[in-house]
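Q: For what it's worth, the numbering used here labels the leading residue of the sequence shown as 155, then goes sequentially. Glycine included, C-beta positions come from ideal geometry on N, C-alpha and C. Sharing a structure below in structure tokens format, with a few things to ask.
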Amino acid sequence: MAQPPKYRSELHLAQLLPNLITFSAMCAGLTGIRFAIFGQFEAAVGMILVAAVLDGLDGRIARLLRSESEIGAELDSLVDFVNFGVAPGLIIYMWGLHGLQSGGWIATLIYASCCLLRLARFNIGNRPNLLEVGDKPASSNFTGVPSPAGAMLALLPTYVGFLAPSAGVLPPPLLALYMVLIGGLMISRFPTPSFKSVTFYAENVRYVIVGFVALVAALLTFPWETMVIITLGYVGVLLVSLWQARKDRRRTSAD
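Written out as structure tokens, the structure is:
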């Protein structure tokens with residue numbers, strides 16, 4: 155009895171683009187570790203910044219091309235752990251924590267573990283049937299600091315160190331405490347702003363484009379100065395969000 159012909163599904167190359175970007179981000183993060191091993195810390199941190207940019211592109215391109223998939227979401231989460239948990243932790247350890255020996259390594263492990271927990275909680279938040287009570291605030295906010303932002307915060311001492319090498323590295327005990335603090339921010343439950351929800355009027359598009367071009371130009375010309383300003387600005391936003399959350403909590407308790 156003749157068997158019916160087998161039909162093979164076809165995919166356009168464009169549908170693979172989001173996953174290709176995800177793998178490119180992973181390559182950037184791992185290359186950052188390689189640069190750190192050879193003591194090229196500016197290049198190492200630069201690779202993490204490249205990975206962060208690629209991380210911001212893959213999901214948006216997937217939605218634009220309507221090529222979202224479960225495997226793509228899982229790949230994105232796994233790569234985020236490599237790029238924003240493992241790689242920054244190792245870079246910081248080799249840059250300024252190795253002198254603390256076991257203490258520095260413990261701080262690195264705590265930071266990476268917090269990043270992993272943050273990503274796991276985010277994944278659960280995207281599956282309503284598995285959602286933990288109180289784990290997902292309003293859609294305009296995240297719960298805790300997102301892992302890419304956590305990595306940018308963790309790397310702040312390196313930006314300052316690149317700008318003022320004569321000042322030396324932050325004392326290892328303080329750097330270790332700082333890494334643990336950033337890890338704690340990632341697994342905290344206070345709401346942090348999601349810039350995905352930012353909107354603007356259509357007639358202001360030209361200003362947004364000019365501002366974006368100015369930001370890119372600043373990053374290419376004065377990378378570490380710009381990263382310090384961006385990171386400190388984000389810290390300011392976090393403080394405002396924390397103040398607002400406490401204010402709302404008091405108001406709710408009073409009612």
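(1) Just the C-alpha distance for A190 and M381, rounded to the nearest angstrom, thanks.
(2) I need the straight-line Cα distance from F276 to L317, nearest angstrom please.
(3) Just curious, the beta strand (DSSP E) that N277 is in, first and last residue?
(4) Assign R272 to buried or exposed, taking buried as 16 or more other Cβ atoms, counted over all protein chains shown, within 10 Å of its Cβ.
(5) Taking only three categories from DSSP, how would you classify I191?
(6) To the nearest angstrom, report how far apart E379 and L373 are at their CA atoms.
(7) Going straight from the alpha carbon of L285 to that of P300, what length do you get?
(8) Kindly indicate which residue of L211, P347, G243, A206 has the alpha-carbon position closest to the one of V391.
(9) What's the call for V362, buried or exposed, on a 16-neighbour Cβ count within 10 Å?
(10) On the premise that G298 lies in contact with R343, defined as a C-beta separation below 8 Å, what is that separation, rounded to the nearest angstrom?
(11) Rounded to the nearest angstrom, what separates I384 and G337 at their Cα positions?
(12) Identify the residues that DSSP records as bridge partners of F296: which are they?
(13) Ends of the alpha helix (DSSP H) at V334?
(14) Are the beta-carbon atoms of I202 and G213 separated by less than 8 Å?
(15) Under a three-way DSSP split, which group does E196 fall into?
(16) Can you tell me where the alpha helix (DSSP H) holding P302 begins and where it ends?
(17) If I measure Cβ to Cβ from A399 and keep anything under 8 Å in the same chain, skipping five residues before and after, which residues do I get?
(18) Do you know offhand how far S221's Cα is from R360's?
(19) For a quick check, are the C-beta atoms of V314 and I245 less than 8 Å apart?
(20) Do the stretch 217-233 and the stretch 255-269 make contact, defined as three or more Cβ pairs closer than 8 Å?
(21) Apply the 10 Å Cβ neighbour rule to F366 and answer buried if 16 or more other Cβ atoms are within range, or exposed otherwise.
(22) Just to confirm before moving on: does the CB-CB distance between G239 and A205 stay below 8 Å?
(23) Rank V323, S320, G210 by C-alpha distance to the C-alpha of S178 and give the top, closest one.
(24) Keeping to the same chain, check which residues put their C-beta closer than 7 Å to that of F425; ignore five residues upstream and five downstream.
(25) Taking only three categories from DSSP, how would you classify S221?
A: With the structure as the only source:
(1) 19 Å
(2) Their backbone Cα atoms lie some 34 Å apart in a straight line.
(3) N277 -> not in any beta strand (DSSP E); alpha helix (DSSP H) instead, spanning 256-279.
(4) buried
(5) Three-state result, I191: helix.
(6) 8 Å
(7) Low confidence applies here, because L285 scores a pLDDT of 49, under 50, leaving its location unreliable and the question unanswered by this model.
(8) P347
(9) exposed
(10) 6 Å
(11) 19 Å
(12) Per DSSP, T346.
(13) Element bounds for V334: 326-341.
(14) no
(15) Here E196 carries a helix assignment [DSSP, helix/strand/coil].
(16) 301-308
(17) F344, P345
(18) 29 Å
(19) no
(20) Contact between the stretch 217-233 and the stretch 255-269 is absent, because fewer than three Cβ pairs lie under 8 Å.
(21) Its Cβ having fewer than 16 others within 10 Å, F366 is exposed.
(22) Not in contact: G239 and A205 (Cβ atoms no closer than 8 Å).
(23) G210
(24) The question about residue 425 has no answer, for the chain in this structure spans 155 to 409.
(25) coil
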